[in-house]
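Below you'll find the structure, written out as structure tokens, and then a few comments.
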Amino acid sequence: DPSGRSYQIVQSLIAVANGGLLGRGPGLGAPGFVPVAQSDFIFAAISEETGLAGALALVLLLALLVHRGLRLALETQDDFARLLALGISTYFAAQSVLIIGGNLRLLPLTGVTLPFVSYGGSSLVTSFLTILVLLHLTTDRGQQNTASRPHSAVHRFPSLAIAASLLAALAAIALVTGWWAVVRGPALLGRNDNPRRALADRIVPRGAILDRHNTPLVVTEGAPGEYTRRTLVAALGPVLGYIHPVYGLAGLEDSLDDYLRGLAGNPPLTVWWHHLLYGQPPPGVDIRLTLDLDLQTVADDLLAGQRGALVLLDTANGDVLVMSSHPAYDPNRLDDIWDELIAAEDAPLLNRAVQGRYPVGDLWERLAPGIEPLSWGQTPEVRLPGGEPHTLAEMVSPLDMALVAAALGNQGERPAPRLVQAYRHPQEGWVLFAPRGSTGTLEGLISPLILARGDSQTWGLAIIPQGEELTWYLGGTLSGAEESYALALALEQPNLGLAEYIGEQVLRAALEK
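As structure tokens, then:
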């Protein structure tokens, strides 16, 4: 929990989840990540190293101890001995349930110790003295006169009820442990506040991110135990994102984390074997994007110092060749500039190409006269409950408009955008992600020939929405061009000339490549 609330409980649950079924092994856990692991959270530390099997064994031992004391209370014929044995058994069971339940978020956490397990001299002395008393009661019971008055069922019922309640509580503890260790384990281990992920990143090399020509964009450098992540193209920071032990993950580093971390893309047996032997994932797999670094550099140079975003698509297959968002940031310098980034009014952490929302204005009327712009003329399939219906502002991202530009030059057919092309399998080499195909057809679009430029290969349209400090530029290639491209630019200033210049230069660079 980044805010500090419930931090101990969260780390305790992550430790239980990290143990899994069989645990990390003696000495291979990370109890230092759980505050006060030697006392309050000793159960979490044991669960991490011995797994669900070890945790259940510990609960079973406590249950056997409690059962032995309860049996003594039920069988003894002396009222004082019965109440004393019942009280000692309740003490052991209640204290165990209270502290283990606190570790598992089942009960409020208190400072009591786990009998015979938690660190603490007075706790151990008290526990062993109570065991000595139970042993003494057992000896006295063996010397009792067999002719003494037996207890009726009425006298035994309270003891039986207490015994059943205590054993049921221990059984509930066992079930909840299994829930966190197995059922919720993967979700807990995937949390950004799991410090074991940052530790694994320093020990296990993370996969590289490459462009469509296998040019490295993000790499892992250093030696085992000192691995660091380095972004080679700082201008791609909003798109590639970052991975940081304090600030978490963002961008493609976040969405592709399973592949880059080695949890996906590797054979399942390899993942399981590394997890069993080392408690770490195997080396991460490389990811190849559809971005073209040469074209990306052209767009970033043109947008440098501006606010806005540009997307260039290959309309034949929907590949995203350029995704530029400015202002950008350098993921390598997060420690130095984080406070500036989160306080900046121009929001450099935002990937404007995808996350930015800009008003369409009268641009849509120029592209598809008489067609409703909501969902590009299609009725949404999702219905959300709410109050009275009202009109939403027509806000779109540059990627949305790039798809419209692609449909304009492709007889209304809108391709599915693709930014991630393939991953490198350890045995099979590059494995392509399955393409999604078309996402539908847009009706009522004008012919791109109306917007054709003088070179007879491209078309373009620049417009400033009425009342907005924004310039849209849409462009693309005509059917006679050798390659088919579509481009959308959102420039956060009313400047038709600059928007046209940037868009035309990127299209020209794509055609000349």
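Counted the way my numbering counts, the sequence shown spans residues 182 to 694.
Every residue, glycine too, gets a C-beta built ideally from N, C-alpha and C.
The three-state secondary structure of P596, taken from DSSP, is strand.
Sequence-distant partners of G460 (beyond 5 residues in either direction) whose C-beta falls short of 6 angstroms from its own C-beta, in its chain, are R205 and L209.
Residues of the same chain with a CB within less than 7 angstroms of the CB of W519, apart from the 5 flanking positions on each side, are Y428 in chain order. Here H606 is bridged, per DSSP, to G610. Considering only V400, L251, D439 and T291, the residue with the shortest C-alpha distance to P512 is V400. The beta-carbon separation of A490 and R533, rounded to 4 angstroms, stays under the 8 angstroms limit for a contact. DSSP places L502 in the strand class (E or B) of the three-state scheme. With 16 or more other Cβ atoms from the protein chains shown falling within 10 Å of its own Cβ, F273 counts as buried.
Of all C-beta pairs linking the stretch 590-598 to the stretch 446-456, fewer than three are shorter than 8 angstroms, placing the two stretches out of contact.
In the DSSP assignment, D495 falls within the unbroken beta strand (DSSP E) covering G489 to D495. Per the Cβ contact rule, the stretch 276-289 is not in contact with the stretch 250-263 (fewer than 3 Cβ pairs under 8 angstroms).
Per DSSP, reduced to three states, the secondary structure at I644 is strand. A check of alpha carbon separations from I631 across G656, L351 and T652 identifies G656 as the nearest.
For the pair of segments examined, the stretch 185-199 was found to touch the stretch 362-370: the number of CB pairs separated by less than 8 angstroms reaches three. In this model, S506 and L417 are separated by some 8 angstroms (Cα to Cα).
Across the structure, G684 and F614 are spaced so that their CA atoms are roughly 30 angstroms apart.
The C-alpha of I343 is placed about 16 angstroms away from the C-alpha of L243. Within the stretch 327-414, the complete alpha helix (DSSP H) runs of at least 4 residues fall at 334-359, 366-370 and 376-384. Residues I269 of the same chain have their beta carbon placed closer than 6 angstroms to that of T311, with the five preceding and five following residues left out of the count. In the structure shown, the three-state DSSP call for T320 is helix. C-alpha of T471 to C-alpha of L450: approximately 30 angstroms in a straight line.
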